[in-house]
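J.: This structure is in structure tokens; I'll ask about it shortly.
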Amino acid sequence: MAGREVLVEPFEYIAPSSLAEAISLLADPVKNAKLLAGGTDLMVQMKRGHAQPAYLIDLKEIPGLGEIVFQPDHVIRLGALVTAGEIVASPEVAQHLPVLAETAGVIGSVQIRNRATIGGNLCRAAPSGDFAPILMALGASLALAGPEGERFIPVEELFLAPGKTSLRPGELLTQILVPVLPANAGAVYQRFSYRETLDLALVGAAVFLRLDPSSKTCLMARIALASVAPVPLRAHAAEAMLSGKAPSQELLGDCALAAASEAAPIDDVYGTAWYKKQVLEAMVRRGLAKALKDCE
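Start counting the sequence shown at 1; every next residue gets the next number (UniProt numbering).
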């Protein structure tokens with residue numbers, strides 16, 4: 001039975017005090033180690049027998065992974081262990097990136113938000129993840145640390161397949177770097193589920209628009225989708241339709257239709273692929289309209 005719990009195999013708990021120590025432990029294939037962040041997903045997987053690590057590496061003692069910092073270069077740096085609840089409550093996020101706080105506020109119940117981390121949410125690589133699309137739309141990047149040093153990738157490059165990331169052996173996500181909204185820009189995240197925050201997103205869509213203040217033409221458009229493909233994805237063809245043009249209601253409608261055509265949802269117990277595309281088209285159209293209004 002899919003949800004049946006099993007006896008958890010014995011494991012050794014380790015709480016390294018440095019990033020280097022955590023990387024060393026994680027890189028050792030003999031140790032069969034798993035990282036513990038908020039534990040909202042890993043603990044469930046262990047109870048169901050889907051994950052049986054010999055070592056559990058708790059990251060909470062490593063400095064910097066739980067910080068939210070507004071940097072002089074107008075980037076908000078979020079440690080991978082920052083919880084959804086901390087993002088909701090952060091004055092820095094509320095002031096500079098309210099759309100990120102709004103997104104964090106729709107993730108699960110209050111109890112889940114107080115434990116679920118942004119890094120864990122991303123590294124789970126679930127097609128329905130809420131953080132991925134808004135971070136992709138905002139042009140965020142990820143700092144990854146491993147045996148070969150530090151590297152940076154766009155958020156969309158993290159996802160390879162459901163549950164599979166591009167993290168290399170011994171590598172972990174340490175920071176999420178999110179540019180604040182520039183002038184004449186707007187960003188929106190919308191999700192649809194049957195029970196609001198208590199269900200996974202049936203469809204999710206994030207939109208970012210930036211206009212030229214003089215000509216009112218679109219300087220930049222990013223549209224990111226969730227739950228409608230094996231991984232969160234950018235609707236590049238729809239974005240290209242807006243580039244260099246003055247957005248009209250007709251153009252926004254055509255763009256939303258194009259975004260829906262780029263999606264590849266499946267029929268499942270939550271709805272048909274056709275239904276999900278209809279919902280997605282409506283959500284992208286509304287998101288574009290709201291983002292456009294926020295540009296003014």
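We put the beta carbon where it would ideally sit given N, CA and C, even for glycine. If you're wondering where the values come from, they're calculated on a predicted model, not measured in any experiment.
What does DSSP give as the partner residues of Tyr270 in its beta bridges?
T.: Tyr270 is not bridged to any residue.
J.: Go ahead and label Ser215 buried or exposed: buried means 16 or more other beta carbons lie within 10 angstroms of its beta carbon, across all protein chains shown.
T.: Answer is exposed; the Cβ neighbour count stays below 16.
J.: Short check: CB of Gly186 to CB of Cys295, under 7 angstroms?
T.: Yes, these two residues count as a Cβ contact at 7 angstroms.
J.: Which residues does DSSP pair with Lys34 in a beta bridge?
T.: DSSP output for Lys34 lists Leu56 as bridge partner(s).
J.: Closer than 6 angstroms by C-beta to Gly170: which residues in its own chain qualify, once you throw out the five before and the five after it? Chain order, please.
T.: So the list reads Ile23, Leu26, Ala27, Gly146, Pro147, once near-sequence residues are dropped.
J.: Just grab the DSSP bridge partners of Lys164 for me.
T.: Partner(s): Ala161.
J.: Taking 8 angstroms as the threshold, find out whether the segment 175-186 comes into contact with the segment 203-214 through three or more Cβ pairs.
T.: Yes, the segment 175-186 touches the segment 203-214.
J.: Would you list the one or two residues that DSSP bridges to Tyr275?
T.: DSSP lists no partner for Tyr275.
J.: Can you tell me whether DSSP reads Glu171 as helix, strand or coil?
T.: Glu171 falls in the coil class under three-state DSSP.
J.: Nearest to Leu59 by CA position, among Thr174, Leu219, Ser243, is which residue?
T.: Taking only the C-alpha atoms, the option nearest Leu59 is Thr174.
J.: Terminal residues of the continuous alpha helix (DSSP H) containing Pro91?
T.: Its alpha helix (DSSP H) spans residues 91-96.
J.: Give a yes or no on whether the C-beta atoms belonging to Ile57 and Ile14 are separated by under 7 angstroms.
T.: Yes. Within cutoff.
J.: What is the DSSP secondary structure of Ile62, counted as helix, strand or coil?
T.: Ile62 falls in the coil class under three-state DSSP.
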